[in-house]
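Undergrad: Below is one structure. I have some questions about it.
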Amino acid sequence: MRGPAVQCADRALTHVNTGGTTPMRRSAHRRPSPHRRGRLAALLIAPLAAVAAVGGFFAAGADDGPGASDGSAPNGSGAPWAVPATSLPTPLAADGTVSVVQIVSHPDDDLFFMNPDTRQSLASGSRLTSVYLTAGEADGVNAASSGPFAPDTAPSADKARYAEARQNGIRAAYAEMATGDRTSPWRRTAIPTAGGATAELNVLAGRPEISLVWVQLREAGASQGDRPVSLRGLWDNRTTRLPSQLASHSPVKRDFAYDREQVVDTVAGLLKRFAPTHVRMLDPTPGRSPETGNLTDHQDHAYGARFAQAGIARYAHTPDRPAFSVQNYLGYSTSGLPSTLSPEAAEAKLHTMHTYAWMDTENYCGSEAGCGDRKVAARPGGRGWTESVRYTRGESTSWVQPAPDGGLWAFSVLDTRLAVWHREPGGTWRGPELQPGGGLDSGVGSVRLPDGRIAVFAVRTTLGAKPEEYRRDVVTAVQRTPDDSAFGDWRSLGTPERDDATGLSDISAPAAAVDAQGRVTVYLRTSGSTLSSAEQRADGGWSPWRELGGTDLHGDPVVASDAAGRRYVFAGTPVSVVAWTQSAPGAPLTGPAATGLPATTLALNAVPDGDGVRLFFRKPASGAVRSAHFSGPVASPVTELGNIAGFGPVGAAPSGGVLAVRSGSGVPGTYAAGAGGTGTQGRSAGGAGTWTTADGPLLVGAPAGAETGMGALGQDGRLYWLRPGPDGGWTPAG
1 MRGPAVQCAD
11 RALTHVNTGG
21 TTPMRRSAHR
31 RPSPHRRGRL
41 AALLIAPLAA
51 VAAVGGFFAA
61 GADDGPGASD
71 GSAPNGSGAP
81 WAVPATSLPT
91 PLAADGTVSV
101 VQIVSHPDDD
111 LFFMNPDTRQ
121 SLASGSRLTS
131 VYLTAGEADG
141 VNAASSGPFA
151 PDTAPSADKA
161 RYAEARQNGI
171 RAAYAEMATG
181 DRTSPWRRTA
191 IPTAGGATAE
201 LNVLAGRPEI
211 SLVWVQLREA
221 GASQGDRPVS
231 LRGLWDNRTT
241 RLPSQLASHS
251 PVKRDFAYDR
261 EQVVDTVAGL
271 LKRFAPTHVR
281 MLDPTPGRSP
291 ETGNLTDHQD
301 HAYGARFAQA
311 GIARYAHTPD
321 RPAFSVQNYL
331 GYSTSGLPST
341 LSPEAAEAKL
351 HTMHTYAWMD
361 TENYCGSEAG
371 CGDRKVAARP
381 GGRGWTESVR
391 YTRGESTSWV
401 QPAPDGGLWA
411 FSVLDTRLAV
421 WHREPGGTWR
431 GPELQPGGGL
441 DSGVGSVRLP
451 DGRIAVFAVR
461 TTLGAKPEEY
471 RRDVVTAVQR
481 TPDDSAFGDW
491 RSLGTPERDD
501 ATGLSDISAP
511 AAAVDAQGRV
521 TVYLRTSGST
531 LSSAEQRADG
541 GWSPWRELGG
551 TDLHGDPVVA
561 SDAAGRRYVF
571 AGTPVSVVAW
581 TQSAPGAPLT
591 GPAATGLPAT
601 TLALNAVPDG
611 DGVRLFFRKP
621 ASGAVRSAHF
631 SGPVASPVTE
641 LGNIAGFGPV
651 GAAPSGGVLA
661 VRSGSGVPGT
671 YAAGAGGTGT
681 QGRSAGGAGT
691 WTTADGPLLV
701 GAPAGAETGM
711 GALGQDGRLY
721 WLRPGPDGGW
731 TPAG
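Per the UniProt record's numbering, the very first residue in the sequence shown carries number 1; after that it's consecutive.
Spelled out as structure tokens, the structure:
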């Protein structure tokens, strides 16, 4: 999801970086843009050689440039992203095993932007490793700018000591979340990296499955300013090496400097060491302000995430590792958007930030540098960041499709490749089968074509051999036959973006719909916060992207058709939802029109509902589930479906009897409709239902429904299916 841009009146507030705590101010709205590195080294030799063959970074298979409509990329191409399905067996992790790796640029990025997911991983007993690429040294002054912890005289600048203080704060926050005791001890050692230097490894003594890794590179020192010696400068070839900034008292004693490849090697080597089944990172494409051209997030956040992407791509060539999923998170731009967390979840998140910020006078850690990040003490909630968590990939609810014979198909992204599961009628699930071709962003959507085959749609990232070759484009692949788990080659639909530099490739996930003639239309939110579409032509090719309007759109659009075949497209804004509709099947799509709905958390799902469609969404600062019926562009009165807390989209079975969401604990919560139903399939909306939370996986993405049940992807890479009936529960499929 995308947040608001920096407005002109707020530009003066961009100043010395605190590594994720003192950004530019943001307004509540975004205006439309005019366009918008031992053993590990030996293990990495083979993939590195493959990378060298294409100029150092990773180009997806060759296809046409941005905006192209007919380019295609063979799944078996030799580019490093494109791994043939049979070349690297990627077994699922041992039953019940979850290993999460979080890769962030600064100490506190995980606490501000990935919690409560971080806390839920700790509570679940999962293996969790957080990797911090920079030291977060900022200006070296560990002092609050205001409030009770602001000193009368600012202490002298000492970047090594400030970096140590931030480490102390992170260790305290994790220890408290994991054990209830912020002083729970850590074992601190130095480890070699695949980049040729040394990193600091911290292991929580009482919970040794919890680790922190401090790479300790120099940070940019400003959220936006021209800082060639930074992650951004290194990515863009404005500097050849990025030096270290070691924290005082770190077990790492020798300074170093990394070139671009060494940073990628280091990330890939750490992934190899910790073997994740799930990777978390910030958004590598947060967009730009239309007024200033500045990134809408800290430059370290965006370019640290790009290095994480490149490390993941390299790691994907490592054999004998578990399959993994990836989740991206929005950073600064959560400001100004509706809050997603319940008051209880927001309070717990804020408490963790208080611990990190060392908001007391006791030197409980015994460090002269301090026990936390006093800069954060002036505003421990950030700019509303403790009230929300937002994903920028993987929230599709259209990844389950019925087969013509009554079976089921399910799709996700593992190892950056399309993963396919199949269940025959009355049988058990098989899969996943990973299709050739990689580089896919998390989350895929799908539609069933009139001939019974299924088309899947995704966004693919091309890292490129040069910085300017980075881009994201929409791709599609079609099932070879209705009963075949193999899909054809990926075909590029291009992108409505002019280039990466203009809008930082800030596009949504695609939403697709098929008409009675079998032609597909794909809808996309652009970096300019507008809606764009591409249509399949009669010859099977695709039209150029066409602008459909809208302003201040955020998140992913959704689309559904009613029983008559009329199409509805919805997109969220910070204050409501807008709609594009057809007056009759095949008629022109008109809009955007105001729906009259209140603000939502922007995660939407639409399903057919009798003579119209029903839109499901969440109430801000609550997690409560709501719905509204549409038989035109204006919504019916909102139906309240109860509070399950949590956040994200609502998965809905087309029959309307079952809903599933991410609950407040991170596992699926389900809703069994009462006699009146949920309002789907023509039922009245007044029937009382019940929300329940049973044993289930910590979710990846969002649940999805079919007539015969609900599915969810777990952080162990498994598909989970909801057994029907009073004794039902979420069980691994297959």
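Where is the CB? At the ideal position from N, CA and C, for every residue including glycine. Predicted model only: the values in this text are computed from it and were never measured.
#1: Measure the alpha-carbon distance for Q401 versus P574 and round it to whole angstroms.
#2: Buried or exposed, going by whether 16 or more other CB atoms sit within 10 Å of the CB of W730?
#3: Going by DSSP, which residues form a beta bridge with E535?
#4: Taking 7 Å as the cut-off, is the beta-carbon of N605 closer than that to any non-hydrogen atom of the ligand NAP?
#5: Do we get a CB-CB distance below 8 Å when we pair G646 with the residues of chain B?
#6: Considering only their Cβ atoms, is the gap separating A584 from R566 smaller than 8 Å?
#7: Starting from P319 and walking both ways along the alpha helix (DSSP H), at which residues does that stretch end?
#8: S442 and I454 look like a contact to me (Cβ under 8 Å); what is the Cβ gap, rounded to whole Å?
#9: Since D288 contacts L295 with CB under 8 Å, what's their CB separation in whole angstroms?
#10: How many Å lie between Q262 and L434 at the Cα?
#11: Given that a residue counts as buried once 16 or more other Cβ atoms are within 10 Å of its Cβ, and exposed if not, what is A587?
#12: Could you pull the start and end residues of the beta strand (DSSP E) that S627 belongs to?
#13: Taking all protein chains shown into account, do 16 or more other C-beta atoms lie within 10 angstroms of the C-beta of P80, making it buried, or fewer, making it exposed?
#14: If I measure Cβ to Cβ from A275 and keep anything under 7 Å in the same chain, skipping five residues before and after, which residues do I get?
#15: Taking buried to mean at least 16 other C-beta atoms within 10 Å of its own C-beta, is R218 buried or exposed?
#16: Taking a contact to mean a Cβ-Cβ separation below 8 Å, would you say R471 touches D515 in this structure?
#17: If you compare alpha carbons, which of L341, R393, P380, S342 is closest to D360?
#18: Just to confirm, are A704 and G651 a CB contact at a threshold of 8 Å?
#19: Just reading off the beta strand (DSSP E) that I507 is part of, what are its end residues?
#20: Compute the distance between the beta-carbons of D405 and P425, then report whether it is under 8 Å.
#21: Please state the DSSP three-state secondary structure of R471.
#22: What residue range does the alpha helix (DSSP H) around R119 cover?
#23: By how many angstroms is the C-alpha of T601 removed from the C-alpha of residue 736?
#24: Can the beta-carbon of residue 756 be found closer than 8 Å to that of L713?
#25: Could you compute how far the alpha carbon of P286 sits from the alpha carbon of G427?
#26: Do Y132 and V215 come within 8 Å of each other at the CB atom, strictly closer than that value?
#27: Taking the straight line between their C-alpha atoms, what separation do you get for G370 and N363?
#28: Is N115 buried or exposed, if buried means 16 or more other CB atoms sit within 10 Å of its CB?
#29: For G269, does the three-state DSSP call read helix, strand or coil?
#30: Compare the Cα-Cα distances from V700 to each of V478, T693, R718, T690 and report the closest residue.
#31: Along the alpha helix (DSSP H) that carries N168, what are the first and last residues, could you check?
#32: Looking at C-alpha atoms only, which residue of D297, V577, A247 is the closest neighbour of R161?
#33: I'd like the list of long-range same chain contacts for G666, defined as Cβ closer than 6 Å, with 5 residues on each side in sequence excluded.
#34: Measure the alpha-carbon distance for R423 versus R430 and round it to whole angstroms.
#35: Measure the alpha-carbon distance for G437 versus S508 and round it to whole angstroms.
#36: Please determine, among R207, H354, E387, the residue with the shortest C-alpha to C-alpha distance to residue 758.
TA: Judging by the given coordinates:
#1: Taking the first residue of the sequence shown as position 1, residue 401 is located at position 401. Taking the first residue of the sequence shown as position 1, residue 574 is located at position 574. Going by the C-alpha atoms only, they are around 31 Å apart.
#2: Here residue 730 refers to the residue found at position 730 when the sequence shown is read from its first residue. W730 should be labelled buried.
#3: For the purposes of this step, residue 535 is taken as residue 535 along the sequence shown, with counting starting at 1. Answer by DSSP bridge pairing, in chain order: T521.
#4: For the ligand NAP, the structure offers nothing, since it holds no ligand at all.
#5: Here chain B cannot be found, since the structure has a single protein chain.
#6: Counting from one through the sequence shown, the residue named residue 566 turns up at place 566. Counting from one through the sequence shown, the residue named residue 584 turns up at place 584. By the CB criterion at 8 Å, R566 and A584 fall inside the cutoff.
#7: As a first step, residue 319 is located in the sequence shown; it is residue number 319 there, counting from the start. Per DSSP, P319 is not a residue of any alpha helix (DSSP H), being assigned neither H nor E.
#8: The count along the sequence shown starts at 1 and reaches residue 442 at position 442. The count along the sequence shown starts at 1 and reaches residue 454 at position 454. Wrong, their Cβ atoms sit about 19 Å apart, outside the cutoff.
#9: Within the sequence shown, the letter at position 288 stands for residue 288. Within the sequence shown, the letter at position 295 stands for residue 295. The amino acid occupying residue 288 in the given sequence is Arg; Asp does not appear at that position. Confirmed, Cβ separation roughly 6 Å.
#10: The residue given as residue 262 occupies position 262 in the sequence shown. The residue given as residue 434 occupies position 434 in the sequence shown. Using only the alpha carbons, I get a separation of about 29 Å.
#11: Taking the sequence shown and counting its residues from 1, one reaches residue 587 at position 587. Looking at its Cβ environment, which holds fewer than 16 other Cβ atoms inside 10 Å, A587 is exposed.
#12: Taking the first residue of the sequence shown as 1, we reach residue 627 at position 627. Per DSSP, the unbroken beta strand (DSSP E) holding S627 starts and ends at 624–630.
#13: In the sequence shown, the residue the question calls residue 80 occupies position 80. Because P80 carries a pLDDT of 37, less than 50, the predicted location of this residue cannot be relied on, and the following value inherits that uncertainty. Around the C-beta of P80, 16 or more other C-beta atoms lie within 10 Å, and the residue is accordingly described as buried.
#14: Stepping through the sequence shown from its first residue, residue 275 is reached at position 275. These residues qualify, in order along the chain: S99, R321, P322.
#15: Taking the sequence shown and counting its residues from 1, the one referred to as residue 218 is at position 218. With 16 or more neighbouring CB atoms inside 10 Å of its own CB, R218 falls in the buried class.
#16: Here residue 471 is taken as the residue at index 471 of the sequence shown, counted from 1. Here residue 515 is taken as the residue at index 515 of the sequence shown, counted from 1. Going by C-beta atoms, R471 is not nearer than 8 Å to D515.
#17: Within the sequence shown, residue 360 is the residue found at index 360, counting from 1. D360 has its Cα closest to that of P380, out of L341, R393, P380, S342.
#18: To locate residue 704, count along the sequence shown from 1; it is residue 704. To locate residue 651, count along the sequence shown from 1; it is residue 651. In this structure, G651 lies closer than 8 Å to A704 by Cβ.
#19: As a position in the sequence shown, residue 507 is number 507, starting the count at 1. In the DSSP assignment, I507 falls outside any beta strand (DSSP E) and carries neither an H nor an E.
#20: The residue given as residue 405 occupies position 405 in the sequence shown. The residue given as residue 425 occupies position 425 in the sequence shown. Between D405 and P425, the C-beta gap is smaller than 8 Å, which places the two residues in contact.
#21: To locate residue 471, count along the sequence shown from 1; it is residue 471. Strand, per DSSP.
#22: Position 119 of the sequence shown, counted from the first residue, corresponds to residue 119. It spans 117–124 - the alpha helix (DSSP H) in which R119 sits, taken as one unbroken run.
#23: Shown here, the chain extends from 1 to 734; a query on residue 736 therefore has no answer.
#24: Only positions 1 to 734 of the chain appear in the structure, and residue 756 is not among them; the question remains open.
#25: Position 286 of the sequence shown, counting from 1, holds the residue named residue 286. Position 427 of the sequence shown, counting from 1, holds the residue named residue 427. Near 43 Å, if we compare the C-alpha coordinates of G427 and P286.
#26: Mapped onto the sequence shown, residue 215 falls at position 215. Mapped onto the sequence shown, residue 132 falls at position 132. Against a cut-off of 8 Å, the Cβ pair of Y132 and V215 comes out as a contact.
#27: As a first step, residue 370 is located in the sequence shown; it is residue number 370 there, counting from the start. As a first step, residue 363 is located in the sequence shown; it is residue number 363 there, counting from the start. G370 and N363: Cα-Cα distance of roughly 7 Å.
#28: Residue mapping note: residue 115 aligns to position 115 of the sequence shown, counting from 1. Residue environment analysis places N115 among the buried positions, since at least 16 neighbouring C-beta atoms fall within 10 angstroms of its C-beta.
#29: In the sequence shown, the residue the question calls residue 269 occupies position 269. The answer is helix: DSSP assigns G269 an H, G or I state.
#30: On the sequence shown, position 700 is the one that residue 700 refers to. If we check each option's Cα against that of V700, R718 comes out closest.
#31: To locate residue 168, count along the sequence shown from 1; it is residue 168. Bounds of the alpha helix (DSSP H) holding N168 are 159–179.
#32: The residue given as residue 161 occupies position 161 in the sequence shown. Considering only alpha carbons, the answer is A247.
#33: Position 666 of the sequence shown, counting from 1, holds the residue named residue 666. Here the set comprises Q120, L698.
#34: Walking along the sequence shown from the start, residue 423 turns up at place 423. Walking along the sequence shown from the start, residue 430 turns up at place 430. Straight-line spacing of the CA atoms in R423 and R430 works out to 6 Å.
#35: Within the sequence shown, residue 437 is the residue found at index 437, counting from 1. Within the sequence shown, residue 508 is the residue found at index 508, counting from 1. Between the alpha carbons of G437 and S508 lies a gap of roughly 21 Å.
#36: Residue coverage of the chain in this structure runs from 1 to 734, which leaves residue 758 outside it and unanswerable.
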